[in-house]
Structures are given as structure tokens and as C-alpha cells.
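J.:
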Amino acid sequence: MRDRERALRRVLLAVVSLLLLVLGTASPASAHAALRATNPEDGTILQRAPRTLTLTYTESVGLLTDSFRVYDPDNHRLSTGQADHAPGRADTVRVPLPARMAKGTYVVAWRVVSADSHPVSGALTFSVGERTVTTARAPGQAENRTTTSLYNIARYLAYLAVALVLGAAAFVAYCQPPQRALLRPLFVVGAATLLVSTLALLLLRGPYEEGTAPELASFGHTLTTRPGELLLARLALLLLAVVVGLALRRRPVPRPAAVAAGAVLAVALALTWSAAEHASAGIQVPLAIASTTLHLLATAAWLGGLAALLLTLRAPAVPPQVVTRFSRLALTSVIVLVVTGVYQSWRGLGTWQALTDTTYGRVLLAKLVAVGMLLGAAAWSRRWTGRLPKTAEAPVPDFPVRHLRRTVLAEAAVGVVVLVLTTLLTSTLPGRAAEEAATAETGIPAASVTTVPFTVGENGRGKVQITFDPGRVGPNSVQAVVYGANGALAAVPELRITMTLPAQRLGPLDTGITDRGGYWGTNSFNLPIPGTWTMKVTVRVSDLDQVTVSRAIRVAG
220 MRDRERALRR VLLAVVSLLL LVLGTASPAS AHAALRATNP EDGTILQRAP RTLTLTYTES
280 VGLLTDSFRV YDPDNHRLST GQADHAPGRA DTVRVPLPAR MAKGTYVVAW RVVSADSHPV
340 SGALTFSVGE RTVTTARAPG QAENRTTTSL YNIARYLAYL AVALVLGAAA FVAYCQPPQR
400 ALLRPLFVVG AATLLVSTLA LLLLRGPYEE GTAPELASFG HTLTTRPGEL LLARLALLLL
460 AVVVGLALRR RPVPRPAAVA AGAVLAVALA LTWSAAEHAS AGIQVPLAIA STTLHLLATA
520 AWLGGLAALL LTLRAPAVPP QVVTRFSRLA LTSVIVLVVT GVYQSWRGLG TWQALTDTTY
580 GRVLLAKLVA VGMLLGAAAW SRRWTGRLPK TAEAPVPDFP VRHLRRTVLA EAAVGVVVLV
640 LTTLLTSTLP GRAAEEAATA ETGIPAASVT TVPFTVGENG RGKVQITFDP GRVGPNSVQA
700 VVYGANGALA AVPELRITMT LPAQRLGPLD TGITDRGGYW GTNSFNLPIP GTWTMKVTVR
760 VSDLDQVTVS RAIRVAG
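Going by our numbering, 677 is the number at position 458 of the sequence shown; the sequence numbering is gapless.
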């Protein structure tokens, strides 16, 4: 039996190590913030050079020392003014541009920190006078894999450690095991891991935000940011907890006072996580922070308590009321987890479709499966708990204790997976924000983009890229760009686009696009009815040569 327990412990250790390795070296997840709008708009051609670049995000963002880089058509970085927030708008950033800018296409690379503490980056282009081929690659804005991996590993270790420390403390306070010396290694290892991981997060925070190699140059800036301040608060709370713990060992105080002080410290410690993650941004922030704090405390009470119970069951004799009390504690924790978990899932997903269509939803599904397995293992533990004597004076049979030890170990193994998946969710783009993030990546919110190839005569070949924005029923803007056979922009004397809805015998409706110098467009075309429309594109390349090509496009309601 002891050989089986040792094997299960080795498996548990291997699972933890493997998950930390895989998740720590995984590609960085998208953050919560998304680029909502820019001025100039992405991909537009301006007749005059803009004096200021304005970017608006879906939530408030923090600026870095090098948040914005602008490259000219020759891939030379421009000297821009200091970026700042628009007055009264924490979600809008302004970047002063040089007074004189040459004709051609400019590339803007940006990197900011989302309100939920995760960095987010992207790029956009705009042209002055005409579009040109650019070789700009915006160096230095990508993630540094070493920094990101170390930062992620420290985050996972911090979550595991806080669950061990708070869960063991809750176990001691409520279950009152007689042999507390067995739990001392759990407190020491948990507290030391939490302290070291917090220091690592504090040192790596600046390079993680900047996307640079580990260094101390940005440490001073980190201390002035909200994530840095919360990490400092966590560090101070840990040191205070150590001092209070040592003082209580020398001069004990009444148990109610000690429990109250511990509860205040636990809530304050949990707040350093909930105030820095997804709960701090989006809708219903105060309620979300309270829910996330309770969720973290319940998780720690259950999973950290399991580790404490596992060590307690190694004692020669365990009072049955200790196991019974933990069973009640675990049941209460599960109820809190269900209530807060349902709310957080609704807040993060937004729609049922996001449960399968987004990374956040798929990770949440994996967590639900793991929680189901955890509840199954807990049911077996409660079954063996029910076979224990009801009074402390009765002898404790060895048979149910051995089986209880094994089921608790299984619970702990699955609990580690649940905790890691929970940590992964905190760094994954919520489903509610996925659509806005997709908008940011394309620069065209929910737009319909269609590419129509055409051939005129023997050598007149090319394609027209047509964008309907937003591509739904109602007012739309239409933009059409003509490319030649070599892929370069091409000028044509005439371009006409009409829309017909055969099912309703409606049309043809002329979009009324006009030549706007480099592209054709209109800002006022109405699509009155949803359905599958036939788009006819007429391209005239000379006085005698023209062609009409048809394409079917879907218009949503």
C-alpha cells in the first residue's frame, strides 16, 4: 500500500513539473484590451500628413517607455513626440507626429499594458499621398520568449503556493488537527515558494511588459504601475504574515482573535490577485473583484486543505472529527466555487457560442471536466469518511483510513490540474472580448471583405478587393482597391459595383463608389434586407476594354 502511495506522489510531482514546463513555455495568450479605432484609420490614404496619431482601445491602457514606433516608407524610424492619454480618456492614446512627412506608406507598431495587467501589441499602416511598398518590420515589439516563460512559471508557482498556504491555514483553524507539526513543512515550503515567486514576478514585470530580455533597468518604472504596486503589497503582506506567525508562537492570543487576523490577511492577499487580473477590467468590476476573491479563497480552502489532510492522514491516529470537519469545509468551498464560477463564466464568455469558438471557452470546458473528475474523487473520499467512527473515543479502523488516504491523494492530483487551468484562464482572452480583439487584428469590425479576380483581353488581368463595413443590413461604407497582375496598386478609369437580391427581386442597387485617389469608395450605401446578394463588379481598364464579374455575398441581419 505504501508503494502505491509513493507511486501516486511521484505521478503528482511529474504532473506538476510537466504542466509548469509546458504552460510556462507556451505562446503568450492574448490580453483583454483590443484596439477599437485609430485616426488615421488602418490602411487609409491621406492627402495631407496627420499631425497626431490617435488610438482608442476597448479599455484603459498603460503606456510603456517605448510604446509606439513609427517607420517611414524607407524603414527609418521617425522621431515622434511623447505619447500620452487624451484628456479624461484612459482608453485613448495620442502620439504627436513630425511636421513634415514624405509621401508613401507608414508602419506603426504599438505595445501597451491592458487594464488587467497583460501587455498587448499590434501594428497598423497609413499612407500619405499614395500607397508604396514598405519593408518595415517593426523590430523589437515581439515577445521575449525567455522572459515570458519565466514570468508564466512564476505565476503558476505563486497560485499553487498561495493555495497551499491559505488552505493549510484554513484546515488548521477549522479542522483543528492535534498533530500540527506534520503541517509545518507545508507552511514553510508554501510560504517560501510564494515569497520567491512574488519577488521573481516583481523583477520580471518590467521586461515582461516591454517584451525584452530579463533586466533590472525598468524596475523603477514597475514600482509606479498598478501591477507593481499590487506585487509590492503582496510582498508586504507575506512579510507581515511571517512576523505575526512568529509572534503568535512566542505569545499565543485567544483563538478567535488569531482566526480573525488570519482571515483579514487571507482576504487582503487574495485581493492582490483579483485586483490585477480579468476582474479589474470589463463590466461590473467591484462585483467581479469580490467574486474572484471568494473564488480564490474557496479554491485554496479546498485544494490546499486536501494537501494538509493528506499529510495529517500520515499520523498513526487521526481523530475522525478532523476528517468530518474537512468534509464540511470542502462542501462549503464547492458551493462557493459553483456560485462564483457561474458568474465569472457568464462575465467572461458573454455568449454560449464563445464556449466552443474561443480559447477561453475551450480552457473553461477543460476546467469543468477536471472539476467533474475532482468531484468524483471527492465523492469517494466522503464515502470512506462516512465509515469512520463518529466519536473521538472509538477506535479508528485502518482499512477506511488507507482508502481515504488514496482517494485524497487522487483528489490532490486532479486539484493541481484544476488550479493550473484556473491560472491559465487568467491570462487568456475572455470570450466576451474575443470579437473586439478580432476587430483589432483586422482593423475592420465585422466587415465583409471579398476579392474578385478579373481578366480583360489578353494582358488585362488583376483583382479588386471590396470591403463592406460593417457588412450587415443598414448603412455601410464601401471601399474597393484595384491590384494589377504584379500585385501592385493599379489605377483604372472606371469601377462600378451594383448589388442585386434575386430572391426578393430587388436591385440592381448602385453603390455609387467614386475615385478617391488610390482607392474607390463611398460612405453611404444602404443594404435594406438580409440574404444572399449578387455583387456585380464592372472594371474598365481603357476606352474599349471592360469586364463584369459577379460574386455572391452573404448579408446578415
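Quick reminder that beta carbons are idealized off the backbone N, C-alpha and C, glycines included.
All of these numbers come straight from a predicted model, not from anything done at the bench.
Skipping 5 residues on each side, what residues in its chain have a beta carbon closer than 8 Å to that of LEU640?
T.: Hits under 8 Å: VAL582, ALA585, LYS586 and ALA589.
J.: What are the partner residues of LEU343, as DSSP defines its beta bridges?
T.: VAL327
J.: Any chance the stretch 529-548 sits against the stretch 378-397, with 3 or more Cβ pairs inside 8 Å?
T.: The stretch 378-397 and the stretch 529-548 touch, with three or more beta-carbon pairs separated by less than 8 Å.
J.: Could you check the C-alpha separation between PRO749 and ARG724 for me, to the nearest Å?
T.: Rounded to the nearest whole angstrom, the CA to CA distance from PRO749 to ARG724 is 13 Å.
J.: Given a cut-off of 7 Å, decide if GLU496 and LEU165 are closer than it, judged by their beta-carbon atoms.
T.: With the chain covering 220 to 776 only, the question about residue 165 has no answer from this structure.
J.: Given SER279, which residues of its chain have a CB within under 7 Å of its CB, disregarding the five upstream and five downstream residues?
T.: ALA309, ASP310 and ALA334
J.: Could you check what DSSP says for VAL692 in three-state terms: helix, strand or coil?
T.: coil
J.: With contact counted as at least three CB pairs below 8 Å, one residue from each stretch, are the stretch 309-329 and the stretch 366-376 in contact?
T.: no
J.: Are there 16 or more other CB atoms within 10 angstroms of the CB of PRO712, so buried, or fewer, so exposed?
T.: exposed
J.: What residue ranges within the stretch 676-757 form continuous beta strand (DSSP E) runs of no fewer than 3 residues, ordered along the chain?
T.: List check, beta strand (DSSP E) in window: 679-688, 693-703, 713-720, 725-729 and 739-746.
J.: Can you tell which of GLY737, GLN698 and PRO721 has its C-alpha closest to the C-alpha of THR730?
T.: Of GLY737, GLN698 and PRO721, the smallest CA-CA separation from THR730 is found for GLN698.
J.: Would you call the stretch 501-520 in contact with the stretch 458-473, where contact means no fewer than 3 C-beta pairs closer than 8 Å?
T.: no
J.: Report buried or exposed for ALA613, applying the criterion of at least 16 other Cβ atoms within 10 angstroms of its Cβ.
T.: Residue confidence for ALA613 is low, a pLDDT of 49 falling below 50, so the modelled location carries little weight; the figure read from the coordinates is stated next. Result: exposed.
J.: Between LEU343, LEU708, GLN684 and ALA382, which lies nearest to LYS755 when the distance is taken from Cα to Cα?
T.: GLN684
J.: Going by C-alpha distance, which of THR559, THR518, ARG566 and SER437 is nearest LEU593?
T.: THR518
J.: So is ALA253 buried or exposed if we call it buried at 16+ other beta carbons inside 10 Å?
T.: buried
J.: Given 8 Å as the limit, is there contact between the stretch 284-298 and the stretch 319-327, that is, 3 or more CB pairs closer than that?
T.: yes
J.: Assign LEU254 to one of three DSSP states: helix, strand, or coil.
T.: In the three-state DSSP reduction, LEU254 falls in the strand class (E or B).
J.: On the DSSP bridge assignment, give the partners of ARG308 in chain order.
T.: Residue pairing by DSSP places ARG308 opposite ALA305 in a beta bridge.
J.: Is it buried or exposed, PRO404, if we count other Cβ atoms within 10 angstroms and call 16 or more buried?
T.: exposed
J.: State buried or exposed for LEU516, treating a residue as buried only when at least 16 other CB atoms are found within 10 Å of its CB.
T.: buried
J.: So for ARG566, helix, strand or coil by DSSP?
T.: helix
J.: Compute the Euclidean distance between the alpha carbons of LEU376 and THR412, then round it to the nearest angstrom.
T.: 7 Å
J.: Taking just the CA atoms, how far does ALA710 sit from ARG759?
T.: 10 Å
J.: Anyone know if the C-beta pair for LEU728 and MET718 falls short of 7 Å?
T.: yes
J.: Going by DSSP in three states, ILE264 sits in which element: helix, strand or coil?
T.: strand
J.: Where does the unbroken alpha helix (DSSP H) through SER437 begin, and where does it stop?
T.: Run containing SER437: none; DSSP gives neither H nor E here.
J.: Return the bridge partner residues of PHE673 from the DSSP annotation.
T.: GLY681
J.: I believe LEU195 touches VAL381 by the beta-carbon criterion, under 8 Å. Please report the beta-carbon distance rounded to the nearest angstrom.
T.: Residue coverage of the chain in this structure runs from 220 to 776, which leaves residue 195 outside it and unanswerable.
J.: Please tell me whether ALA419 and LEU449 are closer than 7 Å, where the distance is taken between their beta carbons.
T.: 7 Å or more divides the Cβ of ALA419 from the Cβ of LEU449.
J.: Would you kindly work out how many angstroms separate the C-alpha atoms of THR277 and THR417, rounded to a whole number?
T.: 29 Å
J.: In chain order, what residues of the same chain lie with their CB nearer than 7 Å to the CB of TYR738, ignoring the 5 residues before and after it?
T.: ILE264, GLN698, ALA699 and VAL700
J.: What is the DSSP secondary structure of ALA245, counted as helix, strand or coil?
T.: Caution applies to ALA245, whose pLDDT of 42 falls short of 50 and renders its modelled position unreliable; the value that the coordinates give is listed next. DSSP places ALA245 in coil when its eight states are reduced to three.
J.: Could you pull out every residue in the same chain whose Cβ sits closer than 8 Å to the Cβ of THR733, ignoring the five residues on either side in sequence?
T.: TRP739, GLY740 and THR741
J.: Determine the contact status of LEU484 and ALA460, defining contact as a CB-CB distance below 7 Å.
T.: ALA460 sits close to LEU484, with the two beta carbons spaced by under 7 Å.
J.: Is the CB-CB distance between LEU402 and ALA387 below 7 Å?
T.: yes
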